[in-house]
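Here's the structure we're looking at; comments come further down.
Chains as they are written, first to last, in the working numbering: chain D, 2 to 417; chain C, 1371 to 1679.
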């Protein structure tokens, strides 16, 4: 009879929650809301193009070489991280002021000539102070471009000079003999460089020193477990006030006058919370899988773990709630616990972003311990021994708090 | 069905119930009458298993409550003084839940819920949330939740407190019906008229002590055929005792500087002589209240206070 009553009590609580659909939707929607915000903030994989640096180019030289540079840049494809747009100086400065571009370069009069003759010339790059990363990319790219121009001038300076000067004697076209001579000269210089450029004499080999650590699949995977357990913390805190509500309504006392006993009644409450937690875990994982491309193999184990581990939070908050001498005191106690758990347990920012000492403490919080294993399960990289140990700890923790709640609820809480 | 033996409950130095004993057989209504704070609800709490007694024993339907709590509780139905309902659930859901808590299930539970809804006259409102109900309707449902599992023993703690006359009448009729069907009822109230109307036997409780117990006739017999006379004015205790001693059958119940309470046969006929005697002794009578013998006058006789004080 008692087991049946546990189910009946759970259904009763679940029916009561259904009568308040706004609260229920808020709980169910928490992971969706948080996931959505995460998606907006980190712009998850597949959800948008790689950001490009917009470089404004002002051509005051209008020479063969400057036009060649502007033309080549403007025709670059979407896969090139720099988008070059030719503008007038005033327009370019206005765009920089309004934050619409990452940088602006002016090619001054005499740019082409200086390049061909190898004389010194200063190029100025104006960057957007509101951006941090994209202007750096521009700076690096321009430095490389200047280096490339220097070597190009050293190798093919004479030929480029001849081409830039145009056909001799005011003719409209180069004669075939001149074109052939220049081509032969360029070919000759490239043949001499052949041993250096093809293959290059210098090569890079990248070697990672030390053991390579497995990287999280994506930022969503890094942040999502903490966020899901944040939703569970809110649910645990939100539902813990129910004992006070039942006491004030007299229904707790009436339940105690029934033959089934307090333990069955409290187990019913736990089961109703478990249903809610499982629902939130399922909704959160489904949403996470859509938004962050979670590996499919980890979803079901993560669901089981999330539903089990989240359950340990319910008796913790219920016990604290009834430790208070009034409902208000109970609320204060649970809120006081909620914030440290959120911060230390990886729910506000991931363990990877925490100082070492905080990670050590945080991974021993119930939500921290649970979310660490949850992340490993999602990644498909879980140590079964560690998982069993964590499960055992959470089970012992939950059971201990359940018995404390049972003792308190039938004793001082009822008499107060 | 209920046997209470030397039941005591203390909270620190405060004695809420001080060693009371009584028993209630099947099909009888036993009323516990007393003012607020007399210990009625504590007694009900001890019998229902909600409060652990400090001493004494409670036997319910042959089961010792301390040793066999589940078996004892299965025979009990309780309608607490404060409403104990899930306000966001419907009347049907409430009845179904409390029925299930006592082991009813399936078609039998559904049938019983329908019967109780009919009986408490809420059949047409069964699907509505309880929070939409009037106070009287909620009281009736509170009562219904206590009887849904057909208890052998029903504990009713001031079931008509704050109820409109129509609902009150309905509840009293229901209690009588249940008793006639064989249910043993323990009924607490501070309404004297209610106790007189429905109880087969009564216990008068004051400060946790059972100061009188018996049928209505037995209790009236304790007062005799004497009227209760309450006088307000200016009095002297010693002089009053002296001058009133000459009246035959007169008992001085309580004397204070501003009030005098006495019991005497045929008080209305003796009033002129009484006023004359008091006036000659220098005392003044400003107001007179004459009460025929009833539970109220018995309570005043036993405690010197009114039941509702």
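For each residue, glycine too, the CB sits at the ideal point set by N, CA and C.
Bear in mind that the values here come from a model prediction, so they are computed numbers and not experimental data.
Compute the beta-carbon to beta-carbon distance between residue i and residue j, rounded to the nearest angstrom, for a pair I have assumed lies under 8 Å.
i, j, result
"residue 1429(C)", "residue 1570(C)", "Not really, about 20 Å apart at Cβ, beyond 8 Å."
"residue 312(D)", "residue 393(D)", "So it is not a contact: roughly 14 Å between Cβ atoms."
"residue 1500(C)", "residue 1460(C)", "7 Å"
"residue 298(D)", "residue 381(D)", "5 Å"
"residue 105(D)", "residue 97(D)", "5 Å"
"residue 1598(C)", "residue 1410(C)", "Contact flag wrong, Cβ pair sits at about 23 Å."
"residue 1426(C)", "residue 1443(C)", "Between residue 1443(C) and residue 1426(C) the Cβ distance is about 18 Å, and since that is not below 8 Å, they are no contact."
Given this structure, state the Cα-to-Cα distance separating residue i from residue j, to the nearest angstrom.
i, j, result
"residue 319(D)", "residue 240(D)", "8 Å"
"residue 1680(C)", "residue 1536(C)", "Residue 1680(C) falls outside the range modelled here, since chain C spans only 1371 to 1679, and no answer is possible."
"residue 18(D)", "residue 24(D)", "8 Å"
"residue 166(D)", "residue 173(D)", "12 Å"
"residue 1528(C)", "residue 1513(C)", "11 Å"
"residue 1373(C)", "residue 404(D)", "34 Å"
"residue 251(D)", "residue 354(D)", "48 Å"
"residue 254(D)", "residue 28(D)", "28 Å"
"residue 143(D)", "residue 364(D)", "46 Å"
"residue 1546(C)", "residue 1524(C)", "12 Å"
"residue 1625(C)", "residue 1406(C)", "24 Å"
"residue 1643(C)", "residue 1532(C)", "43 Å"
"residue 282(D)", "residue 246(D)", "26 Å"
"residue 1510(C)", "residue 1609(C)", "54 Å"
"residue 325(D)", "residue 1619(C)", "60 Å"
"residue 204(D)", "residue 155(D)", "Here residue 204(D) scores only 49 on pLDDT, less than 50, and its place in the model should not be relied on; the value that follows carries that caveat. Distance between the alpha carbons of residue 204(D) and residue 155(D) is about 22 Å."
"residue 414(D)", "residue 329(D)", "14 Å"
"residue 184(D)", "residue 168(D)", "15 Å"
"residue 421(D)", "residue 148(D)", "In the structure displayed, chain D extends from 2 to 417; residue 421(D) sits before or after that span and is not available."
"residue 1634(C)", "residue 1412(C)", "36 Å"
"residue 289(D)", "residue 275(D)", "20 Å"
"residue 71(D)", "residue 119(D)", "20 Å"
"residue 1432(C)", "residue 1671(C)", "36 Å"
"residue 345(D)", "residue 3(D)", "39 Å"
Out of the options, which has the shortest C-alpha to C-alpha gap to residue i?
i, options, result
"residue 1563(C)", "1538(C), 1659(C) and 1550(C)", "1538(C)"
"residue 10(D)", "358(D), 127(D), 262(D) and 91(D)", "262(D)"
"residue 1435(C)", "1383(C), 1416(C), 1381(C) and 1627(C)", "1416(C)"
"residue 1465(C)", "1573(C), 1598(C), 1448(C) and 1487(C)", "1487(C)"
"residue 1663(C)", "1386(C), 1607(C), 1566(C) and 1604(C)", "1566(C)"
"residue 153(D)", "140(D), 280(D), 173(D) and 191(D)", "191(D)"
"residue 1617(C)", "1641(C), 1462(C), 1390(C) and 1652(C)", "1641(C)"
"residue 1657(C)", "1491(C), 1550(C), 1542(C) and 1630(C)", "1630(C)"
"residue 111(D)", "269(D), 62(D) and 151(D)", "62(D)"
"residue 1471(C)", "1583(C), 1593(C), 1495(C) and 1446(C)", "1446(C)"
"residue 259(D)", "1474(C), 1400(C) and 1575(C)", "1474(C)"
"residue 340(D)", "417(D), 87(D) and 238(D)", "238(D)"
"residue 366(D)", "295(D), 379(D) and 352(D)", "352(D)"
"residue 379(D)", "224(D), 357(D), 315(D) and 408(D)", "224(D)"
"residue 406(D)", "138(D), 315(D), 296(D) and 294(D)", "315(D)"
"residue 1673(C)", "1393(C), 1577(C), 1540(C) and 1425(C)", "1577(C)"
"residue 1476(C)", "119(D), 401(D), 5(D) and 336(D)", "5(D)"
"residue 1448(C)", "1632(C), 1543(C), 1520(C) and 1479(C)", "1520(C)"
"residue 20(D)", "1456(C), 1607(C) and 1600(C)", "1456(C)"
"residue 26(D)", "285(D), 70(D) and 187(D)", "285(D)"
"residue 1551(C)", "1541(C), 1557(C) and 1522(C)", "1522(C)"
"residue 1579(C)", "1639(C), 1392(C) and 1621(C)", "1392(C)"
"residue 293(D)", "158(D), 33(D) and 14(D)", "33(D)"
"residue 1627(C)", "1383(C), 1595(C), 1581(C) and 1604(C)", "1604(C)"
Determine which residues of the segment 406-417 of chain D have a Cβ less than 7 Å from any Cβ of chain C, and write them out in chain order. none
What beta strand (DSSP E) runs, 3 residues minimum, are completely inside the segment 1576-1601 of chain C? The qualifying runs are 1579-1584.
Enumerated in chain order, which unbroken segments of the alpha helix (DSSP H) with a length of 4 residues or greater are wholly contained in the segment 216-276 of chain D? 220-241, 243-250 and 252-258
Give, in chain order, every unbroken run of the alpha helix (DSSP H) that is at least 4 residues long and sits entirely within the segment 363-392 of chain D. DSSP runs (the alpha helix (DSSP H)) wholly in the segment 363-392 of chain D: 367-380.
In the segment 1372-1438 of chain C, which residue ranges form an unbroken alpha helix (DSSP H) of at least 4 residues, counting only runs that do not cross its ends? 1410-1418
Taking a Cβ distance cut-off of 7 Å, strictly less, list which residues of the segment 1405-1420 of chain C are near chain D, in chain order. Along the segment 1405-1420 of chain C, the positions whose C-beta sits under 7 Å from a C-beta of chain D are 1418, 1419 and 1420, read in chain order.
Residues in the segment 243-261 of chain D having any Cβ partner in chain C nearer than 8 Å: Only those residues of the segment 243-261 of chain D whose C-beta falls short of 8 Å from the nearest C-beta of chain C are listed: 250, 251, 252, 254, 255, 256, 257, 258, 259, 260 and 261.
Return the residues of the segment 1539-1572 of chain C that lie within a Cβ-Cβ distance of less than 7 Å from chain D, sorted by chain order. none
Within 8 Å of chain D by C-beta, residues of the segment 1446-1472 of chain C in sequence order: 1446, 1448, 1450, 1452, 1453, 1454, 1455, 1456, 1457, 1458, 1459, 1463, 1467, 1468, 1470, 1471 and 1472
Within 8 Å of chain C by C-beta, residues of the segment 12-36 of chain D in sequence order: 13, 16, 17, 20 and 21: these are the residues of the segment 12-36 of chain D whose beta carbon lies less than 8 Å from some beta carbon of chain C, given in chain order.
Check distances from the C-beta atoms of the segment 260-293 of chain D to those of chain C and list, in chain order, the residues that come in under 8 Å. 260, 261 and 262
With 8 Å as the C-beta to C-beta threshold (strictly closer), list the residues of the segment 1497-1523 of chain C near chain D in chain order. 1499 and 1515
Give the residues from the segment 308-332 of chain D that approach chain C closer than 8 Å (Cβ to any Cβ), ordered along the chain. If you check each beta-carbon in the segment 308-332 of chain D against every beta-carbon of chain C, none falls closer than 8 Å.
Chain-ordered residues of the segment 1423-1443 of chain C with a beta carbon less than 9 Å from chain D: Contact annotation: in the segment 1423-1443 of chain C, residues whose CB is within less than 9 Å of a CB in chain D are 1439, 1440, 1441, 1442 and 1443.
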